[in-house]
Amino acid sequence: MNPQAKLIFMTSLLLGTTITISSNHWIMAWAGLEINTLAVLPLISKSHHPRSVEAATKYFLTQAAASALVLFSSMTNAWHTGQWDITQLSHPTSGLILTSAIAMKLGLVPFHFWFPEVLQGSPLSTGLLLSTIMKLPPITLLYMTSPSLNPTLLTILALLSTALGGWMGLNQTQVRKILAFSSISHLGWMAIIIIYNPKLTLLNFYLYTMMTATVFLTLNSMKVLKLSTLMTAWTKVPSLNAMLLLTLLSLAGLPPLTGFLPKWLIIQELTKQEMIATATLMALLSLLSLFFYLRLAYCTTITLPPHTTNHMKQWRTSKPTNVLIAILATMSITLLPISPLILALV
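Take this note's numbering: the last position of the sequence shown gets the number 758, and nothing is skipped along the way.
Okay, structure coming up:
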């Protein structure tokens, strides 16, 4: 892709995100979402492969439908209350429509079908954008409207997302689809706590973004798209493979690593809200996603492929590992001991 065109699209992406997260008026937020959608479409379809074009089409249709619902919800609220302010979403029907629209934008169950397909059709660099920065504006809108939303609906969506995100990732062999289902599962954890403690949702999102960025950048530098390729990647950059193993376990939420912090805090908050059954169910459902993270980790470092493998082994490169990957990997693994400082900042 032309560097000038890429610069324009990336700037538009940042502009759209900034407009949405800093707006008070529904029309401004909607305009930011639209700029975001239009800026990311060329990045999805830049390889001109039929699958990429199909992914871009699916993405456009779902995001356009979700944007129309956001507009419809805000107009309904303005009709009944005379308010266009985002924080004044007091009409219950508007709240329900908005929850559905944001669920569609984020890829929460039952509006999740587009997300694995779009991620599978995109390059890894665009997949990183779709999984992280493109989730920020809808989560910000949820954050700003959280006092007006329906707790039962969000709890049901969150439980279904965590269950299906873990369940459907079990039999996947494509790394991008596994990461898509991982994203759906993490969104469930964010959605369940948004009403009771919105700041925890943002903390979870930041840490999830950091860990997912590490995984995507590592896979991109090793040129891995399938589990079978991942099995032969150990010959290329052994140290990076070890880091990928630890980051995947951190994404799964295992205790000495950074990813345990948001799960621990969310379960603690749910227990304070006397939602002990929900907290137990969420903890049990996270075991499903733990299974496919362990599968990825197993393929990354523990498996030695048979001698009859069809994949050419890539021998060690003299190219140094990207500094950004090193910083993100370190943060994805070691932030748990300074959790009091993180909580003080949040």
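From the three backbone atoms N, C-alpha and C, an ideal C-beta is built for every residue, glycine too.
Can you give me the Cβ contacts of Leu631 inside the same chain, cut-off strictly under 7 Å, excluding the 5 residues immediately before and after it?
For Leu631, where only same-chain residues beyond five positions count, the Cβ hits under 7 Å are Leu536 and Val587.
Cβ separation of Leu748 and Leu669, assumed to be a contact under 8 Å, to the nearest whole Å:
Rounded, the Cβ-Cβ distance is 6 Å, consistent with contact.
DSSP state of Lys418 mapped onto helix, strand, coil:
In this structure, Lys418 counts as helix in the three-state DSSP scheme.
Which residue comes first and which comes last in the alpha helix (DSSP H) that contains Glu466?
Where Glu466 is concerned, the enclosing alpha helix (DSSP H) starts and stops at Pro462 to Thr493.
Restricting to runs no shorter than 4 residues, where is the alpha helix (DSSP H) found entirely within the stretch 636-671?
With a minimum length of 4 residues, the continuous alpha helix (DSSP H) runs that stay inside the stretch 636-671 are 639-643 and 650-664.
What does the Cβ neighbour count give for Thr538, buried or exposed, with the cut at 16 atoms within 10 Å?
The residue is buried, with at least 16 neighbouring Cβ atoms inside 10 Å.
Ser744, enclosing alpha helix (DSSP H) - first and last residue:
Residues Val735 to Thr746.
Check whether the Cβ atoms of Leu639 and Thr585 sit closer than 8 Å, and answer yes or no.
The answer is yes: Cβ separation under 8 Å.
CB contact flag (Pro674, Asn609, <8 Å):
No, the pair does not count as a contact, with Cβ atoms beyond the cut-off.
Are there 16 or more other CB atoms within 10 angstroms of the CB of Pro415, so buried, or fewer, so exposed?
Per the 10 Å Cβ criterion, exposed.
If you follow the alpha helix (DSSP H) that Met556 is part of, which residue opens it and which one closes it?
That run of the alpha helix (DSSP H) goes Leu548 to Thr557.
Can you list, in chain order, the residues of its chain whose CB lies under 7 Å from that of Ser744, leaving out five sequence neighbours each side?
Cβ within range, chain order: Met622, Met623, Thr626, Thr659, Ser662 and Thr670.
Report yes if the CB atom of Leu629 is closer than 8 Å to the CB atom of Leu740, and no otherwise.
It is a contact, given that the beta carbons lie within the stated cut-off.
Can you tell me whether His524 is helix, strand or coil according to DSSP?
Looking at His524 - three-state DSSP - the assignment turns out to be coil, as it is neither helix nor strand.
What residues in its chain sit with their C-beta under 7 Å from that of Gln475, if we drop five residues either side in the sequence?
If we look at Gln475 and ignore the five residues flanking it on each side, its Cβ neighbours are Thr449 and Lys517.
Do the stretch 486-501 and the stretch 565-583 meet, that is, are 3 or more Cβ pairs less than 8 Å apart?
Too few Cβ pairs lie closer than 8 Å, so no.
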